[in-house]
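Heads up: the structure comes next, in structure tokens.
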Amino acid sequence: MIEKAQNKEWGTAVGGNGSNRNIILVGFMGTGKSTVSRLLAERLGWEALDTDEEIEKAAGKSIPDIFAEDGETVFRDWESRVLKAVLGGERRIVATGGGAVLREDNRREMLERGWVVALTADRETLVRRVSGAGEGPRPLLAGDAEERVAKLLETRRHAYDFARAMVDTSKRSPAEVAEAVLQGLPFERD
Ligand code: S3P
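So the sequence shown is numbered by the working numbering: it starts at 234 and just counts up by one.
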């Protein structure tokens with residue numbers, strides 16, 4: 234089920250006492266992080282949080298507006314601050330934006346504060362999903378989505394490798410992905 238699961242003890246992942254249990258979903262745009270996070274939250278009775286949503290609340294404007302008016306660096310600064318804040322809690326399922334993994338500090342923070350799972354998908358699946366009805370605008374995919382996805386995938390080829398587990402979502406429903414994540418958890422559910 235799980236394509237990769239490093240043999241790390243949960244206690245190690247959270248600094249020894251096991252009290253900071255969170256699940257953090259990373260992955261490229263269109264891998265289904267937000268949907269899966271909500272399903273996981275239902276299954277575990279934990280809280281689902283989405284860094285993109287928290288950024289919009291904190292900044293008081295949409296992500297496309299932040300990119301357009303303030304630029305990507307300002308967006309990334311928001312992202313780092315929000316990530317740190319949401320990881321301050323426990324029993325949270327945190328869906329991160331696709332680029333949250335780009336800063337080393339963010340990656341370290343995620344690994345320290347929870348169980349990091351990367352959701353993956355093949356290029357065709359990603360293009361289909363990000364082009365689907367009901368998908369909000371993504372500034373980094375503006376223009377030709379197919380071309381943008383291909384370029385960014387290349388740039389981010391190894392960006393998600395730091396995760397402790399990886400689940401390919403291409404041929405799985407969100408419920409099946411959630412189940413695969415649950416099966417790979419290194420701790421008892423309660
Ligand atoms: C981004 C992904 C988006 C959002 C922003 C930048 C990225 O989130 O954070 O548009 O750099 O990959 P999703 O992965 O939820 O689409």
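Backbone N, C-alpha and C define an ideal beta-carbon position, used for all residues, glycine too.
Of R341, V349, L386, I299, the smallest CA-CA separation from D355 is found for L386.
Taken in chain order, the unbroken stretches of beta strand (DSSP E) that lie wholly in the region 245-318 and span 3 residues or more are 255-260, 280-283.
Between ligand 1 and the CB of P372, the shortest heavy atom gap is smaller than 7 angstroms. Annotated three-state conformation of R325 is strand, per DSSP. Taking L373 as the centre and dropping the five residues before and after it, the same chain places no C-beta closer than 6 angstroms to its C-beta.
In terms of Cα proximity to E323, the closest of D303, D394, W279, E342 is W279. Taking 3 residues as the minimum length, the beta strand (DSSP E) runs contained wholly in the region 377-401 are 398-401, in order along the chain. Between G376 and A318, the alpha-carbon positions lie close to 33 angstroms from each other. The alpha-carbon of L359 is positioned some 12 angstroms away from that of G331.
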